[in-house]
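Number of protein chains: 2
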Amino acid sequence: MAIDRASLIPALKNVATRLRIDSLRATTEAGSGHPTSCFSAAEIVAALFFAEMRFDPKDPHNPDADRFILSKGHAAPVLYAAWAEAGAFDRDELLKLRTIGSDLEGHPTPRLPFVDVATGSLGQGICAGIGCALNARRIKSDYRTYVLLGDGESAEGSVWEAANVGAADRLDNLCGLTDVNGLGQSRPTMWQHDMEQFARRWRAFGWHAIVIDGHDLYAVLDALADARATKGQPTMILARTIKGKGVSFVEGKDGWHGKAFKKGEEADRALGELEKQFVPAPAGVNLAQQIPKPAVAARAAVPKPVAPPAYKMGDHVATREAYGTAIAKLAEADPRVCALDADVKNSTFSDRFEKVAPDRFYQNFIAEQVMIGASMGLAARGAIPFPSTFACFLSRAYDFIRMAAISNVGIKMAGSHAGVSIGEDGPSQMALEDLAMCRAEPNIAVLYPCDGVSAERLVAAAASHPGPVYIRTSRPKTPVIYSNDETFPIGGLKVLREAPGDVATIVGAGITVFEALAAYDRLKADGHTVRVIDLYSLQPIDRDSLVRAGRATGGHLITVEDHYPGGGIGDAVAAAVAEAGMTVHRLAVREIPRSGKADELLDRYGISASHIVEAVRAVTTGKPVGAVH
Amino acid sequence: MAIDRASLIPALKNVATRLRIDSLRATTEAGSGHPTSCFSAAEIVAALFFAEMRFDPKDPHNPDADRFILSKGHAAPVLYAAWAEAGAFDRDELLKLRTIGSDLEGHPTPRLPFVDVATGSLGQGICAGIGCALNARRIKSDYRTYVLLGDGESAEGSVWEAANVGAADRLDNLCGLTDVNGLGQSRPTMWQHDMEQFARRWRAFGWHAIVIDGHDLYAVLDALADARATKGQPTMILARTIKGKGVSFVEGKDGWHGKAFKKGEEADRALGELEKQFVPAPAGVNLAQQIPKPAVAARAAVPKPVAPPAYKMGDHVATREAYGTAIAKLAEADPRVCALDADVKNSTFSDRFEKVAPDRFYQNFIAEQVMIGASMGLAARGAIPFPSTFACFLSRAYDFIRMAAISNVGIKMAGSHAGVSIGEDGPSQMALEDLAMCRAEPNIAVLYPCDGVSAERLVAAAASHPGPVYIRTSRPKTPVIYSNDETFPIGGLKVLREAPGDVATIVGAGITVFEALAAYDRLKADGHTVRVIDLYSLQPIDRDSLVRAGRATGGHLITVEDHYPGGGIGDAVAAAVAEAGMTVHRLAVREIPRSGKADELLDRYGISASHIVEAVRAVTTGKPVGAVH
């Protein structure tokens, strides 16, 4: 910045005033929103956008542009106002805030080109910031990542997961700013304006913490410079602010969270106060025009072909192990691919990735929320992150997965140890709702390989799929049933057994494919054949093939899944064939399971080969199927 | 304790050795488990059970008994060994560890009477401990709550949510102990044996932190006494330990997590080493017999009848508001009922409970995991907790909800602001997967009232239901359609419109009931009638009534839900009627929605009255239904 502070400060002050005015106008026009949460952050945002960050308002995706994440997403209007002020779009657009025709939504989403990840679920932006900062390291860029948090959201555990990881990874290219306005939604925050409560926490977690007056632009600029100069650790700027700052009758007042000023007298009075706050500024200073722009540095990632699977038919390999092999191959083929772990790399086999590409392997320790949040930030910046843990523990990050779906970022989650087939560890370690969890999000591809070949192929397919993906892997070893050159397009399925007189179609996936094949053998010995389908892609789902199989087998479709019935394979297949007028008989785990041997559990909970045989007999003879409700 | 330390210490040391031996034997017999994680905690557990805690091994549920929660659930064998040592059951049972016929599962579950909540998903036990400690305050008991954490799990954000709440609530009846053995599952932990890293974090969060050598029984006893004497804040004892302590060839070695000693030479060698560690102990000291027992103090909670709803037909009231009214009435009727908030009490209307019973209203600030975790602890101790927040933010606590289901504890969750009908705030604030999330757990009752009367009745029904419950409420005001004396049993439904010639059955719930009623009116104006069902109980579901309605209306069932299609109302109804050979046409939100007015969004995403009318016409004329896949 070539501007001296004496000129800069009044110009920034006027920007802050305009941000307040724009936030007020937009929310008043919308009739809802959070103007007072914008007011407390106005100086911080003004300083960041117009005296600190390097970016091009017309090219927000530039790989070397500094990142700004509004973790306190409810202050969206001040974010939009800042981008308008910077020249990204016409200021008049701001008045379309929250209307159905505008991308200026109530909380930011990546429908806007300058938003990396959707925010509005608190405590997530700082996790995504970790990912953005790691990405800078990955692409060897000196861009910096700034995250604006609310004080209230500092109660979210995910913030402290990010604090640990940020310090452990020495992310000095990451700078958080907490807008400590002291007021939450429904009451004063836990620590209100006791700044020491914040400072001692961040320092204890290994961050450089700076306490300032968040309305003092000199202090904000100094703190940002201090952060930039700090090496080896991330910085958290703790800014004491006043909620509603600038409008006397709401300043520091409880009961004004999430309330727009009413059109007419109330809004006019507030606007009148704000308009008086413009100060004389030196002529010729146009901060928007002086934003430093990143170089236009295209980074062409040229992925090499991924090495194909190399199994022998009948080899015994767990899909979780094949997953590890596959991501290690991807690591060698594509520099965009990363892997993230939560201290289970030796169980998920992601340690194979670490051996090949340790610099793109990010350890989060036992902290699944930041693992997924960081993946969101990485994916938003062009990486292809594979976060993995036990499938059940992905539920720890469901709110992040939900926001990843809203963001439509290409995170490739893998969950191992699915279902009762893990055996003795018991229900706390068994994922029995993970398919439901991921399938509920309409844009997450849900994949479930049954053998080594399909696992490797689906991992590669996930990497080149544009959106979020979930891959479910299993603990036990299973035989390889596909040849190495078999392909597995997302949205497909495999018909493994098929004959003209098939009496029913069994749809399995993962471990239950082998129960279905065993049932096939037993039924065949009795003179009956069934169709057997490996539904390796649960979402999108190959409806036409399912309908065709159902029609060819007397309308008898039986699903079998190592999962609870709600929202899993049975529901997915039933939804797919519903319009064809077919119903589905579902074998699934219908109660909370317990510890035991895998085979015992598959049988006890009604999803073993013998239960499939029984179900086939029942549906083909018209008798009610006992295990099905 | 009447025993002097000179006698106590050698006796405790021998208990610790027996706990190690029992843990080894049990895991070796099982062929799996975590003996080295038990070894590091042996002195801590010995001291707690046999020189600190007040409990009756034969009556673990005594309301005044001290609580012990094994947050590091993988050390289950040492927990089981301690209860066996205390006389709760025969020591021989330990050798049935992890077998299908035994309740001594791989990780603890409340199938065992001495386990309050299932653990094994890390970072949760300390949250449940908050609930147990709050419960002591509720019932005016001086029992204390002890939680044993692992060092690895201290990376979980939920631990720091609990840290904040424990300090804010000044829970000096809560004592955590962290077994800092330095080794995680796949590698050394983030801070290994740097005890200061732990101490400064806990102190920053407002806890009394004590660093000790966790194998020094004197130090453990002193720290426990110190914790007991500490007033106004909870204590965290940070115990430096050695993983595998007691067996030379595994002590402090990486690569031994979750590995049992192999039967034969390996186990024998380890056992031989342990057996040499018995020390001469004074005769006549039997620690198990000297455990101080709580008084048998029955506390009869005599709930009064809950005041019935008091609306006028046609009144406009949001179900979230009726929820607030209902829990406030419950607060007055039943001293077991509590409410928990995450700083949205003015939106969920749980502030009405706070006004009536501030001492049973627990504020967690913006920290949903500890809110649900604390509810688990409260419910396990006889309280009836109603935690509530925006429905979408319950996904933040899904792993806790999953563990609450495994624990089968009676937490009564309420999620407000469901679906696109919240309007302008946008997708981050819209719950569109909450029904799938809760319905996936087979033992969670999923309730969804549409008006004020049903909301109040279902809240009361939830309170008296024995297991976990989820209640979904809506943001917009809806007309009261039920009379105040209408009853709503869990597992039922209401047929709102019914005539002999009905051409189809529309199944709605919550906000879509009114879209269905509007569709009814339009269709009736055209000379057609449809059956309209309010499916207020999604799980359990009234299958018979659905089948009856389907059969009476030409097999045409149409569901309409303010929710994504996967795992929601459509899937639930389809599963219910599957065995009757009926299929279901589903209207649901099929893409990531955006901000807008509620009515605009209901229409844009295909769940408004006009879409229902279209769907009825399509299914009854046999044309494909456009909005249905």
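Those protein sequences? They're chains A and B, same order as listed.
Heads up: the first sequence begins at 700 in our numbering, then just goes up one per residue.
Heads up: the second sequence begins at 700 in our numbering, then just goes up one per residue.
Backbone N, C-alpha and C fix where the C-beta goes; we use that ideal spot for every residue, glycine too.
First and last residue of the alpha helix (DSSP H) that includes residue i?
{"i": "Tyr779 (chain B)", "result": "775 to 785"}
{"i": "Gln896 (chain A)", "result": "894 to 903"}
{"i": "Pro1084 (chain B)", "result": "Careful: Pro1084 (chain B) lies outside any alpha helix (DSSP H), inside the beta strand (DSSP E) at 1083 to 1089."}
{"i": "Ser1309 (chain A)", "result": "1308 to 1319"}
{"i": "Lys1028 (chain B)", "result": "1018 to 1032"}
Is it right to say residue i is buried, meaning 16 or more other beta carbons lie within 10 angstroms of its own, or is it exposed?
{"i": "Phe1052 (chain B)", "result": "buried"}
{"i": "Arg704 (chain A)", "result": "exposed"}
{"i": "Asp1241 (chain B)", "result": "buried"}
{"i": "Glu1067 (chain B)", "result": "buried"}
{"i": "Pro933 (chain B)", "result": "buried"}
{"i": "Phe977 (chain B)", "result": "exposed"}
{"i": "Phe948 (chain B)", "result": "exposed"}
{"i": "Gln1062 (chain B)", "result": "buried"}
{"i": "Ile708 (chain A)", "result": "buried"}
Can you tell which of the options has its C-alpha closest to the C-alpha of residue i?
{"i": "Ala1208 (chain B)", "options": "B:His1227, B:Val1272, B:Gly1166, B:Pro1165", "result": "B:Val1272"}
{"i": "Val1001 (chain B)", "options": "B:Ala1056, B:Leu848, B:Glu1031, B:Ala866", "result": "B:Glu1031"}
{"i": "Gly1072 (chain B)", "options": "B:Gly1109, B:Thr1047, B:Ser1049", "result": "B:Gly1109"}
{"i": "Gln1238 (chain B)", "options": "B:Val1229, B:Tyr1263, B:Leu1134", "result": "B:Leu1134"}
{"i": "Ser1182 (chain B)", "options": "B:Tyr1010, B:Phe948, B:Leu873, B:Val1005", "result": "B:Tyr1010"}
{"i": "Asp1243 (chain B)", "options": "B:Asp765, B:Thr929, B:Gly883, B:Gly1191", "result": "B:Gly1191"}
{"i": "Thr1228 (chain B)", "options": "B:Asp912, B:Thr1204, B:Phe1213, B:Asp802", "result": "B:Thr1204"}
{"i": "Pro1008 (chain A)", "options": "A:Leu718, A:Ile1180, A:Glu1290, A:Val1312", "result": "A:Ile1180"}
{"i": "Tyr917 (chain A)", "options": "A:Arg810, A:Ala750, A:Lys962", "result": "A:Ala750"}
{"i": "Ala835 (chain A)", "options": "A:Phe748, A:Ser885, A:Ala764, A:Gln884", "result": "A:Ala764"}
Give me the chain A residues within the contact set of residue i, using Cβ-Cβ distance strictly less than 9 Å, ordered along the chain.
{"i": "Asp1014 (chain B)", "result": "By Cβ distance, chain A contributes nothing, its closest Cβ being about 24 Å from Asp1014 (chain B), past 9 Å."}
{"i": "His806 (chain B)", "result": "Asp1124, Gly1125, Pro1126, Ser1127, Gln1128, Ser1294"}
{"i": "Phe813 (chain B)", "result": "Neighbours of Phe813 (chain B) on chain A: none; closest Cβ ~16 Å, over 9 Å."}
{"i": "Val1283 (chain B)", "result": "Ala1273, Ala1274, Ala1277"}
{"i": "Glu972 (chain B)", "result": "Residues of chain A passing the Cβ test: none, with the nearest at roughly 26 Å."}
Distance cutoff 8 Å, beta carbons only. Does residue i sit that close to anything in chain A?
{"i": "Phe767 (chain B)", "result": "no"}
{"i": "Lys930 (chain B)", "result": "no"}
{"i": "Met889 (chain B)", "result": "yes"}
{"i": "Phe904 (chain B)", "result": "yes"}
{"i": "Phe1064 (chain B)", "result": "yes"}
{"i": "Ser1094 (chain B)", "result": "yes"}
{"i": "Ala1317 (chain B)", "result": "no"}
{"i": "Gly1109 (chain B)", "result": "no"}
{"i": "Glu852 (chain B)", "result": "yes"}
Contact criterion: CB-CB distance below 8 Å. Does residue i meet it with respect to chain B?
{"i": "Asp893 (chain A)", "result": "no"}
{"i": "Cys1037 (chain A)", "result": "no"}
{"i": "Ala1135 (chain A)", "result": "yes"}
{"i": "Gln1068 (chain A)", "result": "yes"}
{"i": "Gly881 (chain A)", "result": "no"}
Who are the neighbours of residue i on chain A, taking C-beta pairs under 7 Å?
{"i": "Glu728 (chain B)", "result": "In chain order: nothing, as chain A lies at least about 12 Å away."}
{"i": "Trp859 (chain B)", "result": "Gly856, Trp859"}
{"i": "Gly1249 (chain B)", "result": "The premise fails here: Gly1249 (chain B) is roughly 11 Å from chain A at the closest Cβ pair, so nothing lies under 7 Å."}
Could you give the residue range of the beta strand (DSSP E) that holds residue i?
{"i": "Ala908 (chain A)", "result": "907 to 912"}
{"i": "Arg766 (chain A)", "result": "766 to 769"}
{"i": "Ser885 (chain A)", "result": "Note, Ser885 (chain A): premise wrong, no beta strand (DSSP E); not H, not E."}
{"i": "Ser1236 (chain B)", "result": "1236 to 1238"}
Could you work out which residues of chain B lie near residue i, taking near to mean beta carbons separated by less than 7 Å?
{"i": "Pro1345 (chain A)", "result": "This structure does not reach residue 1345 (chain A), given that chain A is present from 700 up to 1328, and the question cannot be answered."}
{"i": "Glu1132 (chain A)", "result": "Arg1101, Ala1139, Glu1140"}
{"i": "Val1043 (chain A)", "result": "Gln884, Ser885"}
{"i": "Glu1299 (chain A)", "result": "Ile799"}
Can you name the residues of chain A whose CB is closer than 8 Å to the CB of residue i?
{"i": "Cys1091 (chain B)", "result": "Ser820, Asp1098, Arg1101"}
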